[in-house]
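Plus 26 on top of the position in the sequence shown (first one is 1) and you've got the numbering used here. Worksheet: one structure, shown below.
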Amino acid sequence: HYKIEQDLRRSILINAALCVAGFFLTQRMIPVASRYVSKRGLFGFDINKKGTPQGDVKVPESLGIVVGIVFLVLAILFQYFNFKADSNWLVEYNAALASICFMILLGFVDDVLDVPWRVKLLLPSIAALPLLMAYAGHTTVIIPKPLVSYVGQEVLDLGWVYKLYMGLLAVFCTNSINIHAGLNGLEAGQTVVIASAIVIHNLMQIGASSDPEYKQAHAFSIYLVQPLLATSLALLSYNWYPSSVFVGDTYTYFAGMTMAVVGILGHYSETLLIFFLPQVLNFLLSLPQLSGYVKCPRHRLPRFNPETGLLTGTRDGTLINFYLRIVGPKSEKSLCIHLLFVQALGCCFCFMLRYFLAGWYK
Ligand code: UD1
Ligand code: MG
């Protein structure tokens, strides 16, 4: 036991050291890449600054491509230093990387070609294929104790339905981050908050469990989430208000896919979904527009008033607008901080819920 703990700790620390290097590398690369993407016409206008001098500046788009590339390099190099991996895990680790890589490619394609909204929704299900096909882990769910008498058994094997669930989770995580967006710093910021919560959750689970396989599942999650966190922080330093770069769908898809993949391989997707609580709410509010029942404009953002410099909520069904209509007009920066705070509160709620419901599971 002690040996396993020691090996895991060593792997996690090496991974953390790689991430520190990854952070600085990403920070160095973003300004360089910014010049290249702008030269190729990949830029956007900052919508919430329309009518101000800042609003006419072309902001380089899709800098998520730098984050994605550095992330992949870190994750691939790390395999060399991971001492506790058996071959089964390595297969899944590489399948996870293939899915993330495929997602980065499709996200970048979307940024360059601007594919129609309905097609966009489905891209993650294509990117998830490598993982779904290679997945050899269990396809069972543990039934909460109060429900065991109704279901008749303690574990339920879902078979292919479980794989369908994995695919849907990937579609949800990617798109839900992408549509909770449009404020400087929000896309990268929400990822930083959720990824931090995931790392804390993983560390707590490793500490609390005595099952080596369970510990390893959570350690593997850390190996992928730490690089996500480090590279996202570097991106956030440029994307924070006032943004000097935009993240692009390359980033939102990549971040969502990475978190979906670790939730699946770490077997804590229910916890992950509670970390995504604001995204779930935003998704529910968006359903009428996403389904086409109500007209969905290209951008569903608040209205910016150049005189006051404040944002006011519009009728579009998003959490951003909903929140603004409750608390009243806010500046872009403080609104983003508020929403990130709400995200963090949701994560705290999740930890509390897990604590109180612990007795429901084995
Ligand atoms: C999603 C949202 C859309 C939102 C957009 C903002 C849905 C169905 N789609 O679309 O409502 O407006 O994200 O990213 O909910 N931009 C800013 N400030 C920012 C970030 C982005 O003005 O802080 C603008 C820029 O013009 C940028 C563009 O949004 O070029 C990027 O939009 P994109 O990510 O392609 O939009 P979608 O993901 O399709
Ligand atoms: Mg987007």
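Yeah, the Cβ is synthetic: ideal placement off N, Cα and C, and Gly gets one too. Keep in mind that this is a model prediction, so the values were computed, not measured.
query                                                                                                                                     : result
Close beta carbons around Met378, own chain, < 8 angstroms, minus the five adjacent residues each side                                    : none
Neighbourhood of Leu123 by C-beta, 8 angstroms cutoff - its chain only, sequence neighbours within 5 removed                              : Leu98, Ala101, Ile102
DSSP bridge partner residues for Asn331 (one or two, in chain order)                                                                      : Leu336
Neighbourhood of Val96 by C-beta distance below 6 angstroms, restricted to the same chain and skipping five residues each side            : Gly48, Leu51, Thr52, Thr257
Closer than 6 angstroms: residues whose CB approaches a heavy atom of the ligand MG                                                       : Asn204, Ala207, Asp275, Thr278
Stretch pair the segment 165 to 181 + the segment 272 to 291: three plus CB contacts closer than 8 angstroms                              : no
Rounded straight-line distance, which links the Cα of Leu184 to that of Ser175                                                            : 18 angstroms
Arg326 beta carbon near the ligand UD1 (any heavy atom closer than 8 angstroms)                                                           : yes
Validate contact between the segment 355 to 369 and the segment 202 to 217 using beta carbons, cut 8 angstroms, 3 pairs                   : yes
Integer Cβ distance of Val273 from Leu261, believed to fall under 8 angstroms                                                             : 6 angstroms
Meets three-Cβ-pair contact criterion under 8 angstroms: the segment 233 to 252 and the segment 66 to 74                                  : no
Residue burial classification, Val58 (beta-carbon count within 10 angstroms, cutoff 16)                                                   : exposed
Cβ-heavy atom distance, Asp140 to the ligand UD1, below 8 angstroms                                                                       : yes
Rounded Cβ spacing between Tyr264 and Asn204 (contact assumed at less than 8 angstroms)                                                   : Actually they do not touch by this definition, with Cβ atoms about 19 angstroms apart.
Contacts around Leu313, its chain only, beta-carbon distance under 6 angstroms, and the 5 residues preceding and following it disregarded : none
Leu182 - partner residues in DSSP beta bridges                                                                                            : Val167
Counted within 10 angstroms of its Cβ, other Cβ atoms place Asp342 as buried (16 or more) or exposed                                      : buried
Residue interval of the beta strand (DSSP E) (run including Pro57)                                                                        : Here Pro57 belongs to no beta strand (DSSP E); instead the alpha helix (DSSP H) covers 28 to 65.
Pairwise C-alpha distance: Phe107 and Asp137                                                                                              : 34 angstroms
Where Val273 sits in the DSSP three-state scheme                                                                                          : coil
Distance cut-off 8 angstroms: Ser270 Cβ against heavy atoms of the ligand UD1                                                             : no
Spatially closest choice to Tyr191 from Leu157, Ala207, Glu180, Gly178, by CA coordinates                                                 : Leu157
Contact under 9 angstroms by Cβ, Ala223 with Phe309                                                                                       : no
Cys199: CB within 8 angstroms of a non-hydrogen atom of the ligand UD1                                                                    : no
Cβ-based burial, Gln369 [other Cβ within 10 Å; buried from 16]                                                                            : buried
Under 9 angstroms between C-beta atoms of Lys241 and Leu34                                                                                : yes
4-residue-minimum alpha helix (DSSP H) runs that sit fully inside the segment 195 to 241, ordered along the chain                         : 212 to 234
Simplified DSSP assignment, three categories, for Pro142                                                                                  : coil
CB contact flag (Tyr161, Ala121, <9 angstroms)                                                                                            : yes
Gln105 beta carbon near the ligand UD1 (any heavy atom closer than 8 angstroms)                                                           : no
Under 9 angstroms between C-beta atoms of Ser88 and Thr338                                                                                : no
Rounded C-alpha distance that separates Ile352 from Arg36                                                                                 : 48 angstroms
Spatial distance of Trp115 from Val181 (CA atoms)                                                                                         : 23 angstroms
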